[in-house]
Structures are given as C-alpha cells and as structure tokens.
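Numbering (the numbering used here), first residue to last: 620 to 758.
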Amino acid sequence: MRRVQEGGSELDFIFQQTMFRIKDPKASLHFYTRVLGMRLLKKLDFPDMKFSLYFMGFEAAQDIPEDEKERTGWCFSRKATLELTHNWGTESDPDFLGYHSGNSDPRGFGREDEENIAFVKDPDGYWVEILKQWGDAGG
620 MRRVQEGGSE LDFIFQQTMF RIKDPKASLH FYTRVLGMRL LKKLDFPDMK FSLYFMGFEA
680 AQDIPEDEKE RTGWCFSRKA TLELTHNWGT ESDPDFLGYH SGNSDPRGFG REDEENIAFV
740 KDPDGYWVEI LKQWGDAGG
C-alpha cells in the first residue's frame, strides 16, 4: 500500500499492528471479540518457543480468506490490527502477576475533560479508549 506524505512523496508502509502481551488467551479473546466487537483474523502457534500470536481486527467475516496461506498474507496487509502475544503457561501460573500495562493510571492519556469518550480495562489491565465514530450524530 502506498501512502502520500506531506510534500507529495510516497511511503511504502502502513501502520500494521500494535501488540499486547496477555496472560490468558481465553479471557482476552472473549473481551476483544464479545466486548469490543473485533474478529480473530489469524492465530499463529510457535510450539518450539512456547508462544502464540492472535491477530485481531475489525474486518468482515466474509472478507477473511479460508486458505491458510492466503489468510496469513491477507492478515499482514490489514491496517491497524492488534496482536495479542501469549507465552504458554502464564494462564495457569499462580505466581504470574501479569504484565505492566505501561499506563496503570488512566490519567496518563490526558483526556479527562473530553466528552464522548470512555476507557475500558481489558483482562490484562490495558486501558482501551473508546471513541464515537466520526460522523455520528452529536460527535
């Protein structure tokens, strides 16, 4: 995908993903699919390294290729996906306290006085900002 930057020159990249480390994929997948309405686009397992990647996005189900090889390429061409990284065993380790979210105090976002926004906390303690879509009445 080509993007034109200010001044007219082209850039050959997209913002493809951001990543959260998760403790329990079952809880995180439930949150991102059932609460936020995202869809699991692709799951990749790495048994030798004992971790899995879950790629989430807001794509229509009918647009997701059924062929696994095609689906992988398609997934990595989507814009602004969320990668959930699960290191195996953390979900059942009573001594594992989770990962630092990088923003345990939501005031760090600096948006306290704005209207039409909300924050929800995912199962791993990450704060997710919820905004009205542009063009919504009153937005």
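Beta carbons are placed, not taken as given, at the ideal position from N, Cα and C, and that holds for glycine.
Check                                                                                                                                                       : Outcome
Would you check if the distance between the CB atom of L701 and the CB atom of M668 is smaller than 7 Å?                                                    : no
Exposed or buried, F639, counting other C-beta atoms within 10 Å across all chains shown (16 or more means buried)?                                         : buried
If we count Cβ pairs, one from each stretch, closer than 8 Å, do we get three or more for the stretch 644-659 versus the stretch 712-721?                   : no
Hey, would you say Y673 sits closer than 7 Å to L716, going by beta carbons?                                                                                : no
Grab me the residues of A697's own chain with a C-beta within less than 6 Å of its C-beta, minus the 5 sequence neighbours each way, in chain order.        : First, the residue type needs correcting, since residue 697 is Arg and not Ala in the sequence shown. If we look at R697 and ignore the five residues flanking it on each side, its Cβ neighbours are G676.
Helix, strand or coil for W707? Go by DSSP, reduced to three states.                                                                                        : coil
Helix, strand or coil: how does DSSP classify Q681 here?                                                                                                    : helix
Express the C-alpha separation of K661 and K688 in angstroms, rounding to a whole number.                                                                   : 11 Å
Please identify the residue among G708, T652, S671 whose C-alpha is closest to the C-alpha of E678.                                                         : T652
Leaving out five residues on either side along the sequence, give the residues of the same chain with a beta carbon under 8 Å from the beta carbon of P684. : R690, W693
Do you know whose CA, among D686, H649, F695, lies nearest Q592's CA?                                                                                       : It is not possible to answer for residue 592, since the shown part of the chain is limited to 620 through 758.
Could you check where the beta strand (DSSP E) with G604 kicks off and where it finishes?                                                                   : Since the first residue of the chain shown is 620 and the last is 758, residue 604 is not available in this structure.
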